[in-house]
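Q: Protein chains in written order, with full-length UniProt numbering: chain A, 1 to 273; chain B, 1 to 273. Here it is: the structure, laid out below.
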């Protein structure tokens, strides 16, 4: 299994606090020591850090914890390998270009025996996760228009996700830098922080942050994770089959597919603006 | 203009010494302060660091200088912007997946008014360099077989490169992690270090390395740059129109196209194993 972390914000925001909590689980407070990676969007560009080892004692992860990289969308993953060997090519998040934008993907779960339909995008490594990512992009490319609004892209993503969820565990983070799509089979929670900001304490490290001192009153910053990171805040737990599309720190579209995949008729789910 | 650095080695080798010299030119001993990036292959995986600012005073660049990341192929670039704004999306090296491998590209020069033929791969930023990279990949995808040996891939790359060279300055580094292709319009030099190893001194920083202490007698490590990095070694200067394909630290194929592009009949150039 693995753990996921994402951020959606309405102003460039660093991920130092949450990243510090998550990376402790990579070999210290958790067993996810087979790799870690994080991707930060900056405009249409993306910068990523990947390492095929434990994040808890990584010098590069330490640099990312203490060197604020500001972003409106970020995706992070720590890995405990099940499918695929421990190597750099199997380290999430995976990144591809589609329609002149970088798409970034991280996955928690396992789809035993998943086979992607042949297509343009091909996995480099041998994880089911990267094969899923390529499958999603191949479907989008052939079924969606490049100028499709988020509603239509979400419709395709929901349909694909509920199909994957019928085959196994599929907790998903996917972004094109503009929005962030999240899908939950069984483990996902979010928190939206906005004024009045309060302090918060990490579960996995003796670290407290006073968000009031770090933000302006207009900031809206949401964090999405497989497992809540703080011990003194209320996290909003996703239902099984729930998906949310985030932009600028808020949910712009959401819905629920049938539990554990449900029937095909549950999608497209009802949208809530 | 920009500066380029690449490495090809027969054993995983760090780039700390050369990278330290090059990054000084990013705002200290040289004017290339508009971004820097480096990509290290590790098996089929690649890890990259990109920043849209000066490398000379970057904390991330400092970490890369002092934290040995071992690789058999690496590509590095520091940028002085001409075409395209200063932003992360315009920062080399650019990376795309083709045939289940990551391809990495960095370019020095300028092709005013270059327009890529439409194709699958699209630039994310607005540099001529990234448009060139996408053009190369689109041609390879449609004209080469995925199982083509390096000789045939080189033939396509030489034909494309000499075409681009007729339109401007085109000094190129391109790799798929297996081999490294280099093409010189006007600025490129290489050095191959093997036993008996000697010390070397950087031009751009008061740094000396004793390669004897860092290597084994079987190591072969080649470094390719737009401008020699050391003051006390002999660098092999490329001729205009010269290309070399490197693998495991040695040249496996090379040739010369007509000066500044020459006629189309110069390609495919004569190969030398």
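Every residue gets a Cβ at the ideal spot worked out from N, C-alpha and C, and that includes glycine.
#1: Ends of the alpha helix (DSSP H) at residue 215(A)?
#2: Would the segment 30 to 50 of chain B and the segment 101 to 109 of chain B be scored as touching if the rule is three or more Cβ pairs under 8 Å?
#3: Using three-state DSSP, classify residue 173(A) as helix, strand or coil.
#4: Expressed to the nearest angstrom, what Euclidean distance is found between the alpha-carbon atoms of residue 262(A) and residue 158(A)?
#5: Provide the residue span of the alpha helix (DSSP H) that contains residue 156(A), from first to last.
#6: From the beta carbon of residue 78(B), is the nearest beta carbon of chain A less than 8 Å away?
#7: Exposed or buried, what is residue 193(B) when buried is set at 16 or more other beta-carbons lying within 10 Å of its beta-carbon?
#8: Determine, using beta carbons only, whether residue 120(B) comes closer than 8 Å to chain A.
#9: Using DSSP bridges, identify the partner residues of residue 86(A).
#10: Taking all protein chains shown into account, do 16 or more other C-beta atoms lie within 10 angstroms of the C-beta of residue 79(B), making it buried, or fewer, making it exposed?
#11: What does DSSP give as the partner residue(s) for residue 26(B) in the beta ladder?
#12: Count the other CB atoms within 10 Å of the CB of residue 57(B); is the residue buried (16 or more) or exposed (fewer)?
#13: What residues from chain B crowd round residue 93(A), counting only those whose CB sits closer than 9 Å?
#14: Can a CB atom of chain B be found closer than 8 Å to the CB of residue 44(A)?
#15: Looking at the secondary structure, which residues open and close the beta strand (DSSP E) in which residue 247(A) lies?
#16: At a Cβ cut of 9 Å, what residues of the segment 95 to 125 of chain B count as close to chain A, listed as they run along the chain?
#17: Below 8 Å, how does it come out for the segment 134 to 146 of chain B and the segment 112 to 125 of chain B: are there three or more Cβ pairs, yes or no?
#18: Quick check: is the beta carbon of residue 139(A) nearer than 8 Å to any beta carbon in chain B?
#19: Which runs of the alpha helix (DSSP H), 4 residues or longer, sit entirely within the segment 33 to 117 of chain A?
#20: Of the residues that make up the segment 52 to 69 of chain A, which ones have a beta carbon closer than 8 Å to any beta carbon in chain B?
#21: Thinking just about the alpha-carbon of each residue, which of 9(B), 35(B), 82(B) is nearest to the one in residue 94(B)?
#22: What residue range is occupied by the uninterrupted alpha helix (DSSP H) comprising residue 132(B)?
#23: Rounded to whole angstroms, what's the CA-CA distance from residue 245(B) to residue 12(B)? Just pull it up for me.
#24: Using 8 Å as the limit for Cβ to Cβ distance, is residue 16(B) near chain A?
#25: Which same chain residues, not among the five before or five after residue 177(B), have their C-beta less than 7 Å away from its C-beta?
#26: Report yes or no: do the segment 153 to 167 of chain A and the segment 178 to 185 of chain A share at least 3 C-beta pairs separated by less than 8 Å?
#27: Using CA coordinates, which residue listed in 127(A), 156(A), 129(A), 130(A) is at the minimum distance from residue 141(A)?
#28: If we cut at 8 Å on Cβ distances, does residue 74(B) have a partner in chain A?
#29: So with Cβ pairs under 8 Å, would you call residue 131(A) a contact of chain B?
#30: By alpha-carbon positions, which one of 32(A), 85(A), 77(A), 30(A) ends up nearest to residue 50(A)?
#31: Can you pull the DSSP bridge partners for residue 181(B)?
#32: Thinking C-alpha only, which one of 247(A), 23(A), 189(A) is nearest residue 233(A)?
#33: Any idea what DSSP makes of residue 21(B), helix, strand or coil?
#34: Have a look at residue 231(A) and residue 150(A) and give me their C-alpha separation to the nearest angstrom.
#35: Quick check: is the beta carbon of residue 48(A) nearer than 8 Å to any beta carbon in chain B?
#36: Residue 226(A) and residue 4(A) - do their beta-carbons sit closer together than 8 Å?
A: Taking the coordinates as given:
#1: Position 215 of the first chain, counted from the first residue, corresponds to residue 215(A). Premise fails: residue 215(A) is in no alpha helix (DSSP H) and is neither H nor E.
#2: yes
#3: To locate residue 173(A), count along the first chain from 1; it is residue 173. Residue 173(A): strand per DSSP, three-state reduction.
#4: Here residue 262(A) corresponds to residue number 262 of the first chain, with the count starting at 1. Here residue 158(A) corresponds to residue number 158 of the first chain, with the count starting at 1. The predicted model places residue 262(A) with a pLDDT of 41, which falls under 50 and marks its position as unreliable; any figure quoted below should be read in that light. Going from the Cα of residue 262(A) to the Cα of residue 158(A) covers about 12 Å.
#5: Mapped onto the first chain, residue 156(A) falls at position 156. Run containing residue 156(A): 150 to 165, per the alpha helix (DSSP H) assignment.
#6: The count along the second chain starts at 1 and reaches residue 78(B) at position 78. So, not an interface residue.
#7: Numbered from 1 along the second chain, position 193 holds the residue referred to as residue 193(B). When all chains shown are included, residue 193(B) counts as buried.
#8: Mapped onto the second chain, residue 120(B) falls at position 120. By this cut-off, residue 120(B) is an interface position.
#9: Start at 1 with the first residue of the first chain, and residue 86(A) comes out as number 86. Beta-bridge pairing links residue 86(A) to no other residue.
#10: Stepping through the second chain from its first residue, residue 79(B) is reached at position 79. Note on residue 79(B): 16 or more other CB atoms within 10 angstroms of its CB, so buried under the neighbour-count rule.
#11: Within the second chain, the letter at position 26 stands for residue 26(B). Beta-bridge pairing links residue 26(B) to 31(B).
#12: The residue labelled residue 57(B) in the question sits at position 57 within the second chain. Its Cβ having fewer than 16 others within 10 Å, residue 57(B) is exposed.
#13: The sequence position of residue 93(A) within the first chain is 93, counting from 1. Chain B residues near residue 93(A): none, gap ~12 Å exceeds 9 Å.
#14: Translated into the one-based positions of the first chain, residue 44(A) becomes position 44. Yes, residue 44(A) counts as interfacial toward chain B.
#15: As a working note, residue 247(A) is residue 247 in the first chain. From DSSP, the beta strand (DSSP E) with residue 247(A) extends over 242 to 247.
#16: 95, 96, 97, 98, 99, 100, 101, 102, 120, 121, 122, 123, 124, 125
#17: yes
#18: Locating residue 139(A) in the first chain gives position 139, counting from the first residue. No, no contact with chain B.
#19: Counting only runs of 4 or more, we get 59 to 66.
#20: So the list reads 52, 59, 60, 63, 67, given in the order they occur along the chain.
#21: Stepping through the second chain from its first residue, residue 94(B) is reached at position 94. The shortest C-alpha separation from residue 94(B) is found at 35(B).
#22: Along the second chain, one-based indexing puts residue 132(B) at 132. It spans 128 to 143 - the alpha helix (DSSP H) in which residue 132(B) sits, taken as one unbroken run.
#23: Walking along the second chain from the start, residue 245(B) turns up at place 245. Walking along the second chain from the start, residue 12(B) turns up at place 12. In a straight line, the C-alpha of residue 245(B) is about 19 Å away from that of residue 12(B).
#24: Counted from its first residue, the second chain places residue 16(B) at position 16. No, no contact with chain A.
#25: Numbered from 1 along the second chain, position 177 holds the residue referred to as residue 177(B). The answer, listed in chain order, is 41, 44, 46, 73, 101, 102.
#26: yes
#27: Numbered from 1 along the first chain, position 141 holds the residue referred to as residue 141(A). Nearest of 127(A), 156(A), 129(A), 130(A) to residue 141(A), Cα basis: 156(A).
#28: Here residue 74(B) corresponds to residue number 74 of the second chain, with the count starting at 1. So no, residue 74(B) is outside the interface.
#29: As a working note, residue 131(A) is residue 131 in the first chain. Closer than 8 Å: no.
#30: Position 50 of the first chain, counted from the start, is the residue given in the question as residue 50(A). Residue 50(A) has its Cα closest to that of 77(A), out of 32(A), 85(A), 77(A), 30(A).
#31: On the second chain, residue 181(B) is found 181 positions in, with the first residue counted as 1. According to DSSP, residue 181(B) bridges with 174(B), 245(B).
#32: As a first step, residue 233(A) must be located in the first chain, where it is residue number 233. Selected option, being the one with the closest Cα: 189(A).
#33: In the second chain, the residue the question calls residue 21(B) occupies position 21. In this structure, residue 21(B) counts as helix in the three-state DSSP scheme.
#34: The sequence position of residue 231(A) within the first chain is 231, counting from 1. The sequence position of residue 150(A) within the first chain is 150, counting from 1. Their Cα atoms are separated by approximately 34 Å.
#35: What you label residue 48(A) is simply residue 48 of the first chain in a count that begins at 1. For residue 48(A), the closest Cβ of chain B is nearer than 8 Å.
#36: In the first chain, counting from the first residue as 1, residue 4(A) sits at position 4. In the first chain, counting from the first residue as 1, residue 226(A) sits at position 226. Taking 8 Å as the Cβ cut-off, residue 4(A) and residue 226(A) qualify as a contacting pair.
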